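Since the structure comes first, as structure tokens, the remarks are kept for the end.
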Amino acid sequence: MENVLTSVAGENKAHKEIPGNPSVATSSRHQLNTRANGEPLRVLSEEDWQFWITNGYIVIKQAVPKEQVQILADFLWTYENKDPKDPKTWYKPTLPMKMTELNNTGMVEIYNHQYLWDNRQFPKVHQAFADIWGMEELWVTIDRANLNFPIRPGHEYKGFIHWDYDPETRPQNVQGVLALADQTDENMGGFQCIPELFRTYDTWKLTQPEDRNHFKPDTTGFTPTKVKMEAGDLLIFNSLQPHGIRVNNSKDKVRIAQYISMMPAEQDNEEMRQWRIRSWQEKMVPEGYAFPGDPLHREKQHPIAQLSELGEKLLGLRKW
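Numbering (the working numbering), first residue to last: 232 to 551.
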């Protein structure tokens, strides 16, 4: 599949009109790992692998230590000027998004802070994605975080199911979410998906009208799976998996997460590689259909994140 790539700025221009992350390609030229020759796994167990290929998602337990993710969770409250113990500070006006379904869902426009990079370059996170792709030469997405609050009058949103990529294009892509706090209460928001639709897509689509929305399926007859996670758990899901944020109907619990994914490095795509490096150095943010950026440019005040050797490779600063 041909990748629709870069604008002059080096981002993935295709993401101007679709929800996916502009810091990587829409679809990889590499196929997801099939383990056709029984290749060994690094992090996933054989049981995990079977669950992954059957259900289109997997939770890697304790991918990052709880103490480490707590550091980012605490910082997000400070960054957003909100008090975790005072719900009166949680609900402030936010800028509308082009992807209107994300309004009031608590997206935090922060992309290159040290604490985000600490989690991206944690070795077990990389090794988990290496199992999914069957290779270690990966680039990490430059993505944001989430503080998802209980709904209140004037701050509502609907739980929704969508694809970030048109499944008809058969994208070779995965996405991921790192839990920064426990999300074991089904009522407190968090990730939901429909594995049954993931498995039966080819027959399901035959029952749908020709003019159906290729990004928002009619989920009549399906029951979304509410995925529970503990702080430090990493959820990876196939981009063919219909998914979304479920409504936070709890009294006072906040879903806190960081979005992390990895794709095979495109080391011959110099334009995108340079954009990624500039994003890290200059605290530039991806711009796209689901990424409005921060009009206050708060990240510009932060020092450049320090990268390990692995982090430099995941960014593209150092070649694999």
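For every residue, glycine included, the Cβ atom is placed at its ideal position computed from N, Cα and C.
Please read all numbers here as calculations on a predicted model, not as lab measurements.
Bounds of the beta strand (DSSP E) holding Met493 are 493-495. In the DSSP assignment, Met419 falls outside any alpha helix (DSSP H) and within the unbroken beta strand (DSSP E) covering 419-424.
Rounded to the nearest angstrom, the Cβ distance from Val371 to Met493 is 5 Å, consistent with a contact under 8 Å. In its chain, beyond the 5 residues on either side, Ala536, Leu538, Gly542 have a beta carbon closer than 7 Å to the beta carbon of Trp348.
As a beta-bridge residue in DSSP terms, Arg383 pairs with His386. Residue environment for Asp395: buried (at least 16 other C-beta atoms within 10 angstroms of its C-beta). When DSSP states are grouped into helix, strand and coil, Trp280 belongs to the helix group. In the three-state scheme derived from DSSP, where H, G and I count as helix and E and B as strand, Arg443 is classed as coil. Here Asn480 has Asn418 as same chain residues with Cβ atoms under 6 Å from its own Cβ, once five neighbours each way along the sequence are excluded. The bridge partners DSSP lists for Arg486 are Asn379.
Taking all protein chains in view, the Cβ of Gly269 is surrounded by fewer than 16 other Cβ atoms within 10 Å, so the residue is classified as exposed. Apart from the 5 residues on each side of it in sequence, Gly337 sits with its Cβ closer than 7 Å to the Cβ of Asn377, Leu378, Asn379, Phe380 in its chain, given in chain order. For Val408, the three-state secondary structure derived from DSSP is strand. Ile491 and Asp314 have their alpha carbons spaced roughly 25 Å apart.
Counting along the chain, no beta strand (DSSP E) covers Leu471, and no H or E run does either.
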